[in-house]
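Chains as they are written, first to last, in my numbering: chain R, 8 to 327; chain F, 5 to 302; chain H, 3 to 483; chain L, -10 to 324; chain U, 11 to 315. Shown next, in structure tokens, is the structure this report addresses.
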Ligand SMILES: Nc1ncnc2c1ncn2[C@@H]1O[C@H](COP(=O)(O)OP(=O)(O)OP(=O)(O)O)[C@@H](O)[C@H]1O
Ligand SMILES: Nc1ncnc2c1ncn2[C@@H]1O[C@H](COP(=O)(O)OP(=O)(O)OP(=O)(O)O)[C@@H](O)[C@H]1O
Ligand SMILES: [Mg+2]
Ligand SMILES: [Mg+2]
């Protein structure tokens, strides 16, 4: 139901006072599909373009190239409020995502008021209902964000996102600012809501354990490109791309019998303004081959997704 | 739960921001002092006709420069009389009107201009921002006193002209502060959330951004009020401000200056009330900044 | 500073240009009298004309004046003085293109011609009875070769004259140092006594006094009366007061230039204004010193300034009655303009307020007010006029009542009388016509003359000086005690 | 190595005066650390982990009051050591790595400057020697082209590199104790693993004692010899890592372990364990178990002082009214 | 770097042009300068003649263009009042204003920075309170009043300092204090705030964790970073101070550019006023430019990207 076709987003950034702006491809030719009721996990390092992608989906940023389709219709062409009813965000930072000057009631009911849904009585009723759903007592309606804990705020943010009964929720690292004890509450809530309302999630996280727990499909992003996409099982059981491997290895399970794994990744994260030639990942790749630094790899379909790596490129060609 | 009386549970839902603010306000000495002094001066200004013992314009050439009571004068003129025999206290009281009026109206005008420019620049960025930044630069590069003097010299020094000149000149700080505050708030996720909800720009600016920068605005308003009051006094002192017989404190200092060596109180008294007013406004502004600063908010 | 023979003097205003033809200020006159000489000299006490650079003069006809020049005079730069200098100076300043700042001081002259090395003739444009007065005042003689070379700005920076003092240094507007000119000719001005005169511009009178107190100034002048009074009480300084030719007056829009329905077109209103102002109080409380209440549109000592005119006494009731009679029982609102002496103006406007004339006080720069008056007139304005120290009624009354752009009365009859008086050579005819004009002006209350000004001179006990009534500091008259 | 612990803490208490009273941020914590050993302090945000480490380093602000029955480093009583004395220890014998690599380096000075500073301060070495040592260490922490890095400024390095620089900086004088306060929290997962590995390897190689502060149980399990679980200013459970992870005694520890999804163990999409409620405020008088407001097994006695209990072995302790942390058997413990 | 400088310079010129255009049109509105030039005793014909000679009857933009073209050659015309080239007049006066400005900003920096640092090191201490008091009082003190009080106390009562003039360095003491005191509060507050912020930053904790002595921490690690914003502020304040020296110069009778400006306004001496506005804004522009460069030098983050 949600589809990205060759979407790119280029920012122009200034680095020092003295340098002229340079283009930065935050999102580079990304194509993705999310089916109804699916949870697509999006993982990748900081700065690889996950949030930018989320913003494009939310209509907060216009892609420099490519299209975003919702139910086959192009996103820009649909009217703004229509879009807002269908796609809603949950952000990472529960402190900055709620306006500190507004009461919880104002925050949650804002979408209703903006889109003139119902009268004030029915709006209040809706707010009460949604508060109940996200597990907050109705009395918090008249309090302010500063009076709440991080977990409670995140629940408010979820309530605001859900009050318009959207179909798709974009969760941009919704738990990474929370303590583990609270994180599990929110994860449970998100899972319950999905079951109950049949929601579709794009779930962005850099915590692979969480992604594995919640998602059906996973897309791995590196420097603006999706380097691998697969079902959860597919990825976690037999990942293909070396970067996905490294990611998986870095997951530290609380197992006192194991030591710290060696990811075989190089030390330096590349500069996104001047990405490495060929395969962007090659400088850090343990399995880099000569052509990796020269030729950008092709996207190769796999049984439950695709991968972008010369390893499979050549496997494919040699097989053919 | 059976443990509702447990002390650990008590402030799980803390005081509202309003309560916190009130608490901080009443815990801030400077703010209270400034606020009380300013309130007193405002009352004095509002009720000048009922408080002033004499007509501030009534001259008596035979009773010129009578000293205040504490320097051997009479209670008829508690603070003495000026060089035309007008009651000094009454003129001071009416002078409060002039200073406050100039401070408030000039700050209002410049506040409107500066806030509009700053918020537009911060919110829309890009070309709007470039233009506003340029205008701010131009404005900052113009020497205020000099330009204000020139304008007053050209258009004559009526109260209206002085207010307008100051109002049209002092918007720079508003623009700068509002621009950076808006920039800061614009990047917050609740603004992104509001956009994702489908709010219009106007609504975002008015109900998501403004409430969060209005505290900075108030602080700048006080600062610019003080600035305007001081500038008016300086212009009047240089003879290019408010015109006589309007009792402006700067003008009074300027008039008393001639006799400063022999009757220093003529200068000291109006200078002191001017100092007190500006001090009160500044204390209030500083206090407001302290109690509303984001780092104190949570 | 007596010990070093340096007299430290303060000016209040910045002098724009020392060249006496290119400034119009009092300070300029002071320097002009010290650095240059005129052809003729008027004794400030006896008002008798004496020869200075000229030894004698004679009217050839109404338009031609012939002068014999003093021999053996040299300029400060060594250039000898002779007819060429006079001819060059007169021809230069009389030429409008050369932009002499105060045209009326020179524009009565058409040209000068050399008869021989020490004889010149000055040709007038029209008969001008005050010619001798002007030649003994603002018209000073410049060295032709030097002036031709450096022009007004050079002269302003390094002035050269024949006067009792030569200029040692000029820091424009700020600082002037004069030194006794040892070769000064035998002039009626007398020989200079004090060796060096050091003049600094100190705009603030308090600073002036502070310096006077600590001895770094020996003489200050134009001291406000309140301060002069206090300084006198201190007993440490000599305070001298002299009246000046400057008078203060209100000019009222009798001609209706600011609007036909202007209240001041009604003579009763104008008379009411005259009655409303307590001129005695102004003089005794504010101006003090040798100031006097005046009722004529000229300074009493001026030739032709008839004192026998209507005088309006201070009478609030009468003023109110007159206003009521004119149809303004509750008074009216009007703009009130002034450009100097803010305190006097304020006091006057306050008197007007007291009878119901509600004034909107406007203090403008001189030039701005003048322009306003020339363009559209003003309902009431407080003006002063110093006649440029010329002791003749033509220097004031004729300036303002001959239908010029500053004439608020526009009375053709008055203008006619003044025309006759100005151009007549017979003193009696002049007096008679001035008198007629002045009487009508007073009767119609076109102006409300108020007071004459005075100047306070304060100097240290070491200095001996008697100021004169023409508000000119004469360094040649100063001595150390 | 030896029997005397290099660091010994008894009843460390930290009080902070705040607007409405006193914040009892750390209350009576005890632990020992032997040479060459790694202690992990784990706990939720605000539980007092950083304060504890700063208290050991003597870097608390003047506002915060520090009390302890014992706080000794290699036999030196830190409670009695002057600021001067502390300065001699800091950087030389004990050093610290902070959480935020982005802000922990001074933006105005080069890497080389900052690296050599501690060495030059504490040891009589020449500038060149110091630089040589810096290069050596940079190489050791896996930074390529170390020589040229010395003249770079912090902003020219990425987060991972900066944290490596921080580690190198801490090691300049070969300290005996190194305290790392959440050294990897701000970093990406892949980098986190690298840095942790580096730290552990270096610690082993140099035989340092290390206190690693974190809120990530995964990190603790992989790195620690000893674990100290902190909750709201108290150590609720301490013990050898294996013991704590295999048989957690305190309800809080057990709760934490249930909260995290573990790939391969936790069923995908299944309900995760939770700890309801939020951390209590510690302003004012705090008595009893701070966890009682969130504990399923809370009883009235939880408001009274809580005894310290032993679990299985003498060095595995926990604080709970329930002798065995309550109903241990009825609760299903992962791991 | 070169690009940056060129761009910056271009902006500066554009700002200067706009300022000059604004001030020119403002002064053009002031009406006819001919009367002003003619002076108090001029007749109507005098005024008329002057108007023609000086070309005041031409359209404004033509006059502006003329002015601009000659201004670019350093020729600001001739003062109506002094009959001297404005450029030389201003150059002559500027030395005093510059001296005053440099003394003033030095005084401000020398008092404000140590005070601010001391206040930040010991917040809420006596010295902090003193600093706060000085800055709050300083912001509220009308400088004309402050100047007058100083004269009364130090020149009249005590007789220690000369009340006016520029003859000796002593003459500059009081003007320096008055002018510097005007800039001090802002600088002090910024120093204090900057120091406080820096002192609570992580890298200061790092420095302490290395065992660096307090002196080193304060002056090597903290001040260097805290001073960066102070540099820009000082430049801005310097620009403001020069523009604000009008009051001080008129009180202490310093014949500097500020006083010249005031007098020229009173005398309607347009070429001088016009040139002075431009000169003062150029100062501001140049100072802020220099501050940027200095900042770039102090702050490696701003050096080449
Ligand atoms: N408005 C912007 N202007 C310029 N560059 C931007 C902008 N927003 C993001 N970027 C750059 O685009 C790249 C991708 O940023 P993005 O926020 O999408 O990353 P992310 O994967 O969400 O990282 P994180 O995990 O830290 O949230 C980064 O290099 C970032 O610096
Ligand atoms: N200087 C201080 N002033 C007031 N309160 C403080 C101060 N420093 C710390 N605190 C408070 O003390 C408590 C413990 O803080 P500490 O920094 O030790 O927590 P932490 O466990 O390190 O948390 P995190 O994981 O977020 O770093 C917190 O509630 C904190 O707000
Ligand atoms: Mg992101
Ligand atoms: Mg911490």
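Just so you know, even glycine gets a beta-carbon here, dropped at the ideal spot from N, CA and C.
Could you tell me whether the Cβ atoms of residue 72 of chain F and residue 98 of chain F are closer together than 8 Å? no
Please list, in chain order, all residues of the same chain as residue 468 of chain H whose beta carbon is under 6 Å from its beta carbon, the five residues on each side excluded. none
Alpha-carbon spacing of residue 189 of chain U relative to residue 151 of chain F, whole angstroms: 19 Å
Identify the continuous beta strand (DSSP E) that holds residue 403 of chain H and give its terminal residues. Taken as a continuous stretch (DSSP letters only), residue 403 of chain H belongs to no beta strand (DSSP E), as it is neither H nor E.
With a Cβ-Cβ cutoff of 8 Å, do residue 119 of chain L and residue 108 of chain L count as a contact? yes
Considering only DSSP beta bridges, list what residue 251 of chain H is partnered with. H:385 and H:451
Through-space distance from residue 325 of chain H to residue 443 of chain H, alpha-carbon basis: 20 Å
Applying the 10 Å Cβ sphere with the 16-neighbour rule, what's the burial state of residue 456 of chain H? buried
Please report whether the beta-carbon of residue 247 of chain U lies at a distance below 8 Å from any beta-carbon of chain C. Although the question refers to chain C, the structure presented lacks it and instead comprises the protein chains R, F, H, L and U.
Heavy atoms of ligand 1 versus C-beta positions, residues under 5 Å: R:18, R:20, R:33, R:53, R:54, R:55, R:56, R:57, R:58, R:59 and R:279
Nearest-angstrom Cα separation, counted from residue 148 of chain R out to residue 129 of chain R: 15 Å
Anyone know if the C-beta pair for residue 162 of chain R and residue 196 of chain R falls short of 8 Å? yes
Assigned exposure category for residue 19 of chain U - 16 Cβ within 10 Å defines buried: exposed
Chain L residues whose Cβ lies nearer than 9 Å to that of residue 239 of chain U: Result: empty, since nearest Cβ-Cβ is about 13 Å, beyond 9 Å.
Residues of chain R with CB under 7 Å from residue 199 of chain F, in chain order? 67
Flag this pair as yes or no: are the beta carbons of residue 82 of chain H and residue 76 of chain H separated by less than 8 Å? yes
Sorry if obvious, but does the Cβ on residue 122 of chain F come closer than 7 Å to a heavy atom of ligand 2? no
Out of curiosity, what's the CA-to-CA distance linking residue 58 of chain R and residue 213 of chain R? 12 Å
Of all the options L:290, L:284, L:266 and L:205, which has the alpha carbon lying nearest to the alpha carbon of residue 277 of chain L? L:290
With 16 other CB atoms within 10 Å as the buried threshold, where does residue 14 of chain R fall? buried
Just to make sure I have the definition right: I need the residues of chain F whose C-beta is within less than 8 Å of the C-beta of residue 96 of chain R. Which are they? 196, 197 and 200
Heavy atom of ligand 5 within 7 Å of residue 14 of chain L beta-carbon: Among the ligands in the structure shown, ligand 5 does not appear; only ligand 1, ligand 2, ligand 3 and ligand 4 can be found there.
Under a Cβ-count criterion, where at least 16 other Cβ atoms within 10 Å of its own Cβ denotes burial, should residue 236 of chain F be classed as buried or exposed? buried
For chain F, check one thing: does any of its Cβ atoms lie closer than 8 Å to the Cβ of residue 6 of chain R? Any answer about residue 6 of chain R is impossible in this case: the structure gives chain R only from 8 up to 327.
Residue 169 of chain L lies in the beta strand (DSSP E); which residues open and close that run? 166 to 170
Between residue 398 of chain L and ligand 2, is the CB less than 7 Å from at least one heavy atom? Given a span of -10 to 324 for chain L in the structure shown, any question on residue 398 of chain L remains unanswerable.
Going by the C-beta, is residue 110 of chain R closer than 7 Å to any heavy atom of ligand 2? no
Which of the residues in the region 191 to 202 of chain R, read from start to end, lie with their CB under 8 Å from any CB of chain L? 191, 192, 194, 195 and 198
Whole beta strand (DSSP E) elements within the region 69 to 137 of chain H, 3-residue minimum: 111 to 118 and 121 to 126
With a threshold of 8 Å between beta-carbons, can residue 237 of chain R be considered close to chain L, or not? no
Between residue 310 of chain R and ligand 2, is the CB less than 7 Å from at least one heavy atom? no
Rounded to a whole number of angstroms, what is the C-alpha to C-alpha distance between residue 77 of chain F and residue 48 of chain H? 48 Å
Close Cβ partners of residue 299 of chain U (< 7 Å) along its chain, the five nearest in sequence each way excluded: 18 and 22
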